[in-house]
């Protein structure tokens, strides 16, 4: 007869253990590994969020996306190959409303999206020390200090909180209202309006274009130098031309030329 299990267990227990060749301080680590239970294999799992279960569409109701695969019951959107532009315009074969009634209104090609800057916000940024009044304040300084969150077609200075402005500033913007100009000049500052095209604004914010001087101002600088009998203005113009990669464009359309040559607009 084959030996019984009890006899085998007694025989295994009666065998004397051989001395281990490892050092004595390593024994606790090896004994701990030998005493581990094999049931931990069923508890192994990845970190939470490290694994996402794949969605198996059309594999029965147990998958959560069975039967119609999440597309709903019938219809044009379920069958596929429907252009996305047709969702808002297609009316089931009915004549679209824009065809029945026609398109109304127009799009103004000359409209500009100016970023508004009020005088009270300008004074608040100066009080916080986020704008340096010892230098001219341009679009780049306003954008870098987060006084303006992006500049699209330019900056227009508005006169809200004109009584709060008490610091003289030299600010260069695209446009300015009459109340804002009066408030800045009453505080001892100056307002200068400059024409900025959209590409020029992007280059100014990157520091590639001079936000103040253009070809017209550069051409007028040597004349002032001859009157003063000095060459400091010529040196300043040469330095600014070397600092920047692109020049600041001048207005070309009649509407812009008439606006920026008007002394009331500064």
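Numbering (the UniProt record's numbering), first residue to last: 1 to 266.
Even glycine gets a Cβ: it sits at the ideal position worked out from N, Cα and C.
Predicted, not measured: the structure shown is a model, and the values here were computed from it.
Check                                                                                                                : Outcome
Separation of residue 166 from residue 123, as counted between CA atoms                                              : 8 Å
Reduced DSSP secondary structure (H/G/I, E/B, other) of residue 255                                                  : helix
Identified DSSP bridge partners for residue 158                                                                      : 118
Sub-9 Å separation of residue 250 and residue 208 beta-carbons                                                       : no
Own chain partners of residue 259 with C-beta closer than 7 Å, once the 5 adjacent residues on each side are dropped : 265
Top-ranked residue by Cα proximity to residue 181, from 195, 199, 198, 160                                           : 160
Rounded straight-line distance, which links the Cα of residue 92 to that of residue 64                               : 31 Å
Secondary structure of residue 52, DSSP reduced to three states                                                      : coil
Cross-strand partners of residue 176 (DSSP beta bridge)                                                              : 157
Alpha helix (DSSP H) segment containing residue 212, residue limits                                                  : First-last for residue 212: 209-214, but that is the beta strand (DSSP E), not the alpha helix (DSSP H).
With 16 other Cβ atoms within 10 Å as the buried cut-off, status of residue 211                                      : buried
Whether residue 304 touches residue 189 by CB criterion (9 Å)                                                        : The requested residue 304 does not occur in the structure, where the chain is confined to residues 1 to 266.
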